[in-house]
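There are 2 protein chains.
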Amino acid sequence: MNVLVTGGAGFIGSHLVDCLADRGDNVTVFDNMSSGRIDFLSHHGDKVRLIEGDLLDLDAVKNAMEGVDLVFHLAANPDIRLGTRITDTDLKQGTVATYNVLEAMRVCGVEKIAFSSSSVVYGEASEMPTPESYGPLFPISLYGASKLGSEALITSWVGTFGLKAWLFRFANIVGTRGTHGVIFDFIHKLKADSSRLEVLGNGRQEKSYMEVIDCARAMVHLTEKTSQSVNCFNLGTHDTCSVRRIAEIVVEETGFKHVNIEYTGGDRGWAGDVPKTMLDPNKLYSTGFTPRYNSEESIRHTAKALIEEIGL
Amino acid sequence: MNVLVTGGAGFIGSHLVDCLADRGDNVTVFDNMSSGRIDFLSHHGDKVRLIEGDLLDLDAVKNAMEGVDLVFHLAANPDIRLGTRITDTDLKQGTVATYNVLEAMRVCGVEKIAFSSSSVVYGEASEMPTPESYGPLFPISLYGASKLGSEALITSWVGTFGLKAWLFRFANIVGTRGTHGVIFDFIHKLKADSSRLEVLGNGRQEKSYMEVIDCARAMVHLTEKTSQSVNCFNLGTHDTCSVRRIAEIVVEETGFKHVNIEYTGGDRGWAGDVPKTMLDPNKLYSTGFTPRYNSEESIRHTAKALIEEIGL
Numbered sequence: 040m041n042v043l044v045t046g047g048a049g050f051i052g053s054h055l056v057d058c059l060a061d062r063g064d065n066v067t068v069f070d071n072m073s074s075g076r077i078d079f080l081s082h083h084g085d086k087v088r089l090i091e092g093d094l095l096d097l098d099a100v101k102n103a104m105e106g107v108d109l110v111f112h113l114a115a116n117p118d119i120r121l122g123t124r125i126t127d128t129d130l131k132q133g134t135v136a137t138y139n140v141l142e143a144m145r146v147c148g149v150e151k152i153a154f155s156s157s158s159v160v161y162g163e164a165s166e167m168p169t170p171e172s173y174g175p176l177f178p179i180s181l182y183g184a185s186k187l188g189s190e191a192l193i194t195s196w197v198g199t200f201g202l203k204a205w206l207f208r209f210a211n212i213v214g215t216r217g218t219h220g221v222i223f224d225f226i227h228k229l230k231a232d233s234s235r236l237e238v239l240g241n242g243r244q245e246k247s248y249m250e251v252i253d254c255a256r257a258m259v260h261l262t263e264k265t266s267q268s269v270n271c272f273n274l275g276t277h278d279t280c281s282v283r284r285i286a287e288i289v290v291e292e293t294g295f296k297h298v299n300i301e302y303t304g305g306d307r308g309w310a311g312d313v314p315k316t317m318l319d320p321n322k323l324y325s326t327g328f329t330p331r332y333n334s335e336e337s338i339r340h341t342a343k344a345l346i347e348e349i350g351l
Numbered sequence: 040m041n042v043l044v045t046g047g048a049g050f051i052g053s054h055l056v057d058c059l060a061d062r063g064d065n066v067t068v069f070d071n072m073s074s075g076r077i078d079f080l081s082h083h084g085d086k087v088r089l090i091e092g093d094l095l096d097l098d099a100v101k102n103a104m105e106g107v108d109l110v111f112h113l114a115a116n117p118d119i120r121l122g123t124r125i126t127d128t129d130l131k132q133g134t135v136a137t138y139n140v141l142e143a144m145r146v147c148g149v150e151k152i153a154f155s156s157s158s159v160v161y162g163e164a165s166e167m168p169t170p171e172s173y174g175p176l177f178p179i180s181l182y183g184a185s186k187l188g189s190e191a192l193i194t195s196w197v198g199t200f201g202l203k204a205w206l207f208r209f210a211n212i213v214g215t216r217g218t219h220g221v222i223f224d225f226i227h228k229l230k231a232d233s234s235r236l237e238v239l240g241n242g243r244q245e246k247s248y249m250e251v252i253d254c255a256r257a258m259v260h261l262t263e264k265t266s267q268s269v270n271c272f273n274l275g276t277h278d279t280c281s282v283r284r285i286a287e288i289v290v291e292e293t294g295f296k297h298v299n300i301e302y303t304g305g306d307r308g309w310a311g312d313v314p315k316t317m318l319d320p321n322k323l324y325s326t327g328f329t330p331r332y333n334s335e336e337s338i339r340h341t342a343k344a345l346i347e348e349i350g351l
């Protein structure tokens, strides 16, 4: 199968590329290399083609669609907090980029898209664990708005132009090659000063985590096993982990003995942060997929791996 | 109160301006006059200020925000079907325009926005009557995607920058000054040829209708009576009316005796059309508001009025 992966040189994208290459697909990566890294793909040699380009350049996106059977659209602004400073970041790199992917697909006759949405579309959900059918959808971050805006564009392309789509609403995805996120940040802070660890908020924020290879395998699995016109799945685990517990696990894994964990206070890490998310993953599980790690195991596995990657 | 109404020279917007002017507000209209008409506002004389401008011009939007207490953001592409031919129409005139309104509000310190969303955000809902809490939200038209994308931007501005918002999910709104829509189309067809009326689809599409002055009054009422951070309401009536019934009512009101009503067939009027919508209006009704007309009464009232406006 000919597969195009936008954001395929990034954290989650490159793990997906590994899964697709293992399956024997012809994989093309489209990435602007803003947070993607060539060494996340280099082990594939010539077997994976990399197009360095910008999704806001519609002609470039159209050119990349030649002969493609399935698009995994994972590219997005990776820095959620940036969106509150430069407020059109997520609109452009999320919603408008998704429009360009869809429009290029329509023009080039490509019929299947799988999209990395997020649990942030649920906003501050009143129902937890939160199922895919939850409403109303009131995202509170600009990143979340771009994910819901992109989902809506995709379902409208399904309804209007006959596409088939998979919407994957990710829990917090963690693992090797991570280039941002709470574990990554904690390790960098401890590397700079092993006597203290500053945690944004009161540490009681509590979220579902999924290990990145589990996430990549789940995406491939679902595009093989489900075939509605719109296939929407939470990708996560049954449990949650608090930021407080993550800080403890990271400190344990560093081996540092006298770290003072300090909390800046408040119930959010930043404006637009959702204090608690807990996804209902039963729809995913019902398709025969089980992740290897739960939330806490994913955190510990990731802490070990990133400490090795980053070095202390 | 200083109120800015985007799209205020249009069909629904101009009726809203009438209500706000009656209340004694200082009203400024921002409209690109693509479907708005100066004579929908001229009876206000100098009491309503008109800024002719484009919401895609962020500086112009910022200039219009000076001293504003509340924004009613109603401007949008009025021609849903156009969106399937020029596929970035709704993205730009819907989602991106809403971003500019929000960004201008943020920069200028304006804190309240009321937005004309639509029942199309529900897509082909499995639950009818459809309540505001319905999920998942999979709109099937590009217009619907732009409405959900705009809602998401608004709730993200609430969550990130502390705005207060009203989201009004409109039923099909009909009434005087209508410039498009099924009744308008039928009258124009009958004016051209009183012997036959061609109806797109099989005529069994069935939707909730609300009369435009009821709609305008409901918007003003809700901004006065509700004050959550996000106030989301269906604006509609308890019943529905089929396209078949609308055709009959319009023919009756023309007085033409020998009209052959012909159906093109198929369960949709066009790609992206939702065959059946029925909103649950109980949340609106629970605030003490009751529309003057139900769906069928709204249709008949509108047919009479538009026949008079258009002339046969």
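These protein sequence lines map, in sequence, to chains A and B.
Note that my numbering has the first sequence beginning at 40, numbered continuously upward.
Note that my numbering has the second sequence beginning at 40, numbered continuously upward.
Note that beta-carbon positions come from the ideal geometry of N, C-alpha and C, so glycine has one too.
Buried or exposed by the 16-neighbour rule on C-beta atoms within 10 Å, applied to residue i
| i | result |
| --- | --- |
| Lys186(A) | buried |
| Ser109(B) | Inspection of the sequence shows that residue 109(B) is occupied by Leu rather than by Ser. Flag for Leu109(B) reads buried. |
| His227(B) | exposed |
| Ala231(A) | exposed |
| His297(A) | exposed |
| Gln132(B) | buried |
| Leu351(B) | exposed |
| Glu40(A) | Position check: residue 40(A) holds Met in this sequence, whereas Glu was assumed. Result: exposed. |
| Glu190(A) | buried |
| Gly183(B) | buried |
Pick from the options that is closest to residue i, judged by C-alpha positions
| i | options | result |
| --- | --- | --- |
| Cys326(B) | Arg339(B), Trp309(B), Thr265(B) | Correcting the residue type first, residue 326(B) is Thr in the shown sequence and not Cys. Thr326(B) has its Cα closest to that of Thr265(B), out of Arg339(B), Trp309(B), Thr265(B). |
| Glu114(A) | Gly47(A), Ser233(A), Asp108(A), Ala255(A) | The residue you asked about is not Glu; residue 114(A) is Ala in the sequence shown. Per the Cα distances, Gly47(A). |
| Trp309(A) | Lys101(A), Ser74(A), Gly220(A), Gly106(A) | Gly220(A) |
| Ser73(B) | Val87(B), Asp118(B), Met258(B) | Asp118(B) |
| Glu348(A) | Phe223(A), Glu250(A), Arg331(A), Tyr248(A) | Phe223(A) |
| Leu318(B) | Tyr332(B), Thr303(B), Asp127(B), Arg208(B) | Arg208(B) |
| Phe295(A) | Ile152(A), Leu59(A), Leu236(A) | Leu236(A) |
| Gly106(B) | Pro314(B), Glu150(B), Asn139(B) | Glu150(B) |
| Asn273(B) | Ser156(B), Lys315(B), Arg124(B) | Ser156(B) |
| Thr329(B) | Arg256(B), Gly183(B), Leu59(B) | Arg256(B) |
| Cys58(B) | Lys322(B), Leu345(B), Asp253(B) | Asp253(B) |
Chain-ordered neighbours of residue i on chain B, where CB pairs are closer than 7 angstroms
| i | result |
| --- | --- |
| Phe177(A) | Thr194, Val269 |
| Ser180(A) | Ser195, Gly198, Thr199 |
| Gly148(A) | Near Gly148(A) there are no residues of chain B at all, since even the closest Cβ is about 15 angstroms away, more than 7 angstroms. |
Cβ pair residue i, residue j closer than 9 angstroms
| i | j | result |
| --- | --- | --- |
| Trp205(A) | Thr262(A) | yes |
| Pro320(B) | His277(B) | yes |
| Val13(A) | Phe225(A) | Any property of residue 13(A) remains undetermined from this structure, which presents chain A solely from 40 to 351. |
| Gly122(B) | Ser158(B) | no |
| Phe154(B) | Leu43(B) | no |
| Gly311(A) | Gly198(B) | yes |
| Tyr248(B) | Thr218(B) | no |
| Pro178(B) | Thr194(A) | yes |
| Pro175(A) | Leu192(B) | no |
| Gly52(A) | Asp70(A) | yes |
| Thr128(B) | Asn116(B) | yes |
| Gly240(B) | Thr303(B) | yes |
| Met258(A) | Leu89(A) | no |
Amino acids of chain B, ordered along the chain, whose beta-carbon sits closer than 8 angstroms to that of residue i
| i | result |
| --- | --- |
| Leu130(A) | Thr134, Val135, Tyr138, Leu192 |
| Leu202(A) | Per Cβ cutoff of 8 angstroms: no residues; Leu202(A) is ~11 angstroms from chain B at best. |
| Gly305(A) | Neighbours of Gly305(A) on chain B: none; closest Cβ ~14 angstroms, over 8 angstroms. |
Closer than 8 angstroms: residue i CB and nearest the ligand ZN heavy atom
| i | result |
| --- | --- |
| Ala255(A) | As presented, the structure is devoid of all ligands, the ligand ZN included, so that no description of it is given. |
Partner residues on chain A for residue i, Cβ-Cβ distance less than 8 angstroms
| i | result |
| --- | --- |
| Ser172(B) | Gly174, Pro175 |
| Lys311(B) | Looking at the sequence provided, one finds Gly at residue 311(B) rather than Lys. Ordered by position in chain A, the residues that pass the 8 angstroms Cβ test against Gly311(B) are Ser195, Gly198, Thr199. |
| Ala99(B) | The premise fails here: Ala99(B) is roughly 17 angstroms from chain A at the closest Cβ pair, so nothing lies under 8 angstroms. |
| Thr341(B) | Those within 8 angstroms of Thr341(B) in chain A number zero; the least Cβ separation is about 27 angstroms. |
| Gly308(B) | The premise fails here: Gly308(B) is roughly 13 angstroms from chain A at the closest Cβ pair, so nothing lies under 8 angstroms. |
| Gly162(B) | Thr194, Gly198 |
Proximal residues of chain B, C-beta to C-beta of residue i below 9 angstroms
| i | result |
| --- | --- |
| Glu142(A) | Thr126, Asp127 |
| Gly220(A) | Near Gly220(A) there are no residues of chain B at all, since even the closest Cβ is about 19 angstroms away, more than 9 angstroms. |
Listed by chain order, chain A residues near residue i by CB distance under 9 angstroms
| i | result |
| --- | --- |
| Leu94(B) | Chain A residues near Leu94(B): none, gap ~14 angstroms exceeds 9 angstroms. |
| Thr123(B) | Thr199, Phe200 |
| Gly183(B) | Ala191, Thr194, Ser195, Gly198 |
Beta-carbon neighbours of residue i, restricted to chain A and to distances below 7 angstroms
| i | result |
| --- | --- |
| Gly240(B) | In chain order: nothing, as chain A lies at least about 15 angstroms away. |
Does the segment 241-258 of chain A come close enough to the segment 63-83 of chain B to have 3 or more Cβ pairs within less than 8 angstroms?
-> no
Using 8 angstroms as the Cβ pair cut-off and three pairs as the minimum, do the segment 70-82 of chain A and the segment 42-59 of chain A touch?
-> yes
Do the segment 91-107 of chain A and the segment 119-138 of chain A make contact, defined as three or more Cβ pairs closer than 8 angstroms?
-> yes
At least three beta-carbon pairs within less than 8 angstroms, the segment 275-291 of chain B to the segment 324-339 of chain B | yes
Would you check if the segment 138-151 of chain B and the segment 98-105 of chain B touch, i.e. whether three or more CB-CB distances between them fall below 8 angstroms?
-> yes
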